[in-house]
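Just below is one structure, and these are the notes that go with it.
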């Protein structure tokens, strides 16, 4: 089995696994006593996440649940993970799960969770969270970052004191098709670009608001992480177009926020060597060597931006040596949080979500039948390699000009979607407020009077570097993340 067939089924919310494919192009790795081959590193990373799905994607053939496929239909149920042990009725909880049959598909069903605000009000904003990968389930952030619950070691659930449902009515969705509990019986339903993905999400939101008309008037925000740097601006643009063309229900889009995202690869890839040097992962001599790779990487991405599938796949391969070389030099670090090391199978262990969501009682509560839960899909990931190097910053200036709020927040210790690369593209973005944004004073972001980050903002655009956090800010700094969301939605972040 070739390397590309073994490495990418578990890319939990994270992008930039280009490091998994490349062989090192630098022959002198001064600081790393052990050099791993790409295959060894891929196997190591897969095991470190403890997310081995038995099947790479949810392709259901000859399954009875497909017999009543009705395009554009939502089948939703209320549920409780707690049964009646918490003293709350299913109706009072306001927790929903459902399937949406994609209208522009042959047999695709998209699974989602919907949690009403714990404030017991229908007036809080509606928030959708888009997980990354691409191809990783919304259940990961739900249970490990900002959802209503946390999973204990014995698979019991406890309330998350900093769940984003304390400030919003929040949707977690398994997308694109093939992720999590989402499935299809036809290969042609697997998506390859942001146009088809954003259309699916727009169609879902139209039907969701038909099912929940009490929320149509509410402010609506798109949020997400990692590859949501692609998903979120594409969806925001799709909603904007749908509203302008009066295609259906007017969605009250107010803004989108992306944490540790990949949005403009051409700028963000160029930041890797400098970030690695600044964080003492590599030496100056290493940076000089790695910088020799950057012109070809830069030019390949530029060609992708103007070209099609093949040029983008070539760019993906051309640039993969950059992160690979840094990781080879840096050694056994957790590249999502460089403060940590990976020992054996223990980088991040998210295996409990696999165990929990494959329990029969949980599946019965969610209404998914006997479908096996898949954390991350290799097929979905591979299908979007041609989309990886696309620049989705281009969608953002027109949104800003219409007053749509944009928040880019980044944990300072993430290597793969680092704060420097994100800051660079945000500051370079051309829009009418660029000069004022660049000139704006950096101010502290305070939580309970203590500095939790550094903020730059002007008008609808905000950039927040979050202290003491890696790739998954709501997991590392849950209180600060919730405060950030509340302040941002209320227009008080800056």
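In mature numbering (1 follows the signal peptide of the UniProt record, and there is no 0), the protein residues as written are -22 to -1, 1 to 472. Where a beta carbon is used, it is the ideal one built from N, C-alpha and C, also for glycine.
By DSSP, does residue 339 sit in helix, in strand, or in coil? Residue 339 falls in the helix class under three-state DSSP.
With distances taken from CA atoms, which of 465, 467, 454 is nearest residue 123? When only C-alpha atoms are compared, the closest one is 454.
Environment of residue 96 [buried if 16+ CB atoms lie within 10 Å]: Residue burial is scored here from C-beta neighbours: residue 96 has at least 16 other C-beta atoms within 10 angstroms and is therefore classed as buried.
Burial state of residue 331 (16 or more Cβ within 10 Å): The residue is buried, with at least 16 neighbouring Cβ atoms inside 10 Å.
Near residue 155, what residues of its chain come up, given a Cβ to Cβ distance below 6 Å and the 5 sequence neighbours on each side ignored? Closer than 6 Å at Cβ, skipping near neighbours: 86, 162, 167.
Using CA atoms only, rank isn't needed, just tell me which of 341, 369, 260, 398 is closest to residue 91. It is 341.
Let me know the secondary structure DSSP gives residue 298 once reduced to three states. Here residue 298 sits in helix by DSSP.
Is DSSP giving residue 326 helix, strand or coil here? Note: residue 326 maps to coil in three-state DSSP.
Look at the Cβ atom of residue 409, then the Cβ atom of residue 375, and state whether they are nearer than 7 Å. Contact flag set, yes.
Hey, how far is the Cα of residue 414 from the Cα of residue 165? Cα-Cα distance, rounded: 48 Å.
Kindly indicate the opening and closing residues of the alpha helix (DSSP H) around residue 176. 172 to 189 is the span of the alpha helix (DSSP H), which, as asked, contains residue 176.
Measure the C-alpha to C-alpha separation of residue 457 and residue 149 and round it to an integer number of angstroms. Using only the alpha carbons, I get a separation of about 20 Å.
From 74, 80, 76, pick the residue whose C-alpha is nearest to that of residue 49; which is it? Answer by Cα proximity: 80.
For residue 211, is the classification buried or exposed, using 16 other Cβ atoms within 10 angstroms of its Cβ as the cut-off for buried? Around the beta carbon of residue 211, 16 or more other beta carbons sit within 10 angstroms, so the residue counts as buried.
Report the option in 192, 257, 147, 89 whose CA atom is closest to the CA atom of residue 535. The shown model of the chain, from -22 to 472, leaves out residue 535, and the question about it has no answer.
For residue 260 and residue 406, I'd like the C-alpha separation in whole angstroms. Roughly 26 Å between the two C-alpha positions.
Taking the runs of the alpha helix (DSSP H) that are 4 residues or longer, which of them lie wholly in the segment 394 to 472? For the segment 394 to 472, whole alpha helix (DSSP H) runs of length 4 or above, ordered along the chain, are 397 to 406, 412 to 417, 451 to 454, 456 to 467.
Does the Cβ of residue 379 have 16 or more other Cβ atoms within 10 Å, making it buried, or fewer, making it exposed? It is exposed - the Cβ of residue 379 has fewer than 16 other Cβ atoms within 10 Å.
Where are the beta strand (DSSP E) runs, 3 residues long or more, that stay fully inside the segment 97 to 145, in chain order? Qualifying beta strand (DSSP E) stretches, in chain order: 104 to 108, 127 to 129, 135 to 137.
According to DSSP, what are the bridge partners of residue 311? In DSSP, residue 311 forms a bridge with 319.
Could you give the DSSP three-state label for residue 80: helix, strand or coil? DSSP places residue 80 in coil when its eight states are reduced to three.
3-residue-minimum beta strand (DSSP E) runs that sit fully inside the segment 204 to 245, ordered along the chain: You should have 231 to 237.
Could you pull out every residue in the same chain whose Cβ sits closer than 8 Å to the Cβ of residue 272, ignoring the five residues on either side in sequence? Counting only Cβ-Cβ distances below 8 Å, and skipping sequence neighbours, we find 247, 248, 251, 300.
Extent of the continuous alpha helix (DSSP H) run through residue 358: First-last of the alpha helix (DSSP H) with residue 358: 356 to 361.
Let me make sure I understand the geometry here. Which of 218, 112, 129, 268 has the alpha-carbon closest to that of residue 307? It is 268 whose Cα lies nearest to the Cα of residue 307.
State the DSSP-derived secondary structure class of residue 88, mapped to helix, strand or coil. DSSP places residue 88 in strand when its eight states are reduced to three.
Tell me whether residue 128 is buried or exposed, calling it buried when 16 or more other Cβ atoms sit within 10 Å of its Cβ. With 16 or more other Cβ atoms from the protein chains shown falling within 10 Å of its own Cβ, residue 128 counts as buried.
Distance cutoff 7 Å, beta carbons only. Does residue 240 sit that close to anything in chain D? In the structure shown, chain D does not exist; there is a single protein chain.
Where does residue 147 sit, in a helix, a strand or coil, going by DSSP? Note: residue 147 maps to strand in three-state DSSP.
What are the start and end residues of the alpha helix (DSSP H) that includes residue 255? Boundaries of the alpha helix (DSSP H) around residue 255: 250 to 256.
Let's see if you can read the secondary structure: which residues bound the alpha helix (DSSP H) around residue 274? Residues 272 to 284.
Figure out for me which residue from 133, 118, 145, 185 has the closest Cα to the Cα of residue 88. Restricting attention to 133, 118, 145, 185, the CA atom closest to the CA of residue 88 is found in 185.
Would you tell me roughly how many angstroms separate the C-alpha atoms of residue 221 and residue 214, rounded to the nearest one? The alpha-carbon separation between residue 221 and residue 214 amounts to approximately 11 Å.
Could you name the residues of the same chain whose beta carbon sits closer than 7 Å to that of residue 292, not counting the 5 residues immediately before and after it, in chain order? Spatial neighbours of residue 292 in its own chain (CB-CB distance under 7 Å, excluding positions within 5 residues in sequence) are listed in chain order as 278.
Using only alpha-carbon positions, find the residue among 120, 356, 195, 239 that is nearest to residue 107. Of the listed residues, the one whose Cα sits closest to residue 107 is 120.
Is it true that the segment 278 to 288 meets the segment 227 to 238, where meeting means three or more beta-carbon pairs spaced less than 8 Å apart? Counting C-beta pairs closer than 8 Å gives fewer than three between the segment 278 to 288 and the segment 227 to 238, which falls short of the contact rule.
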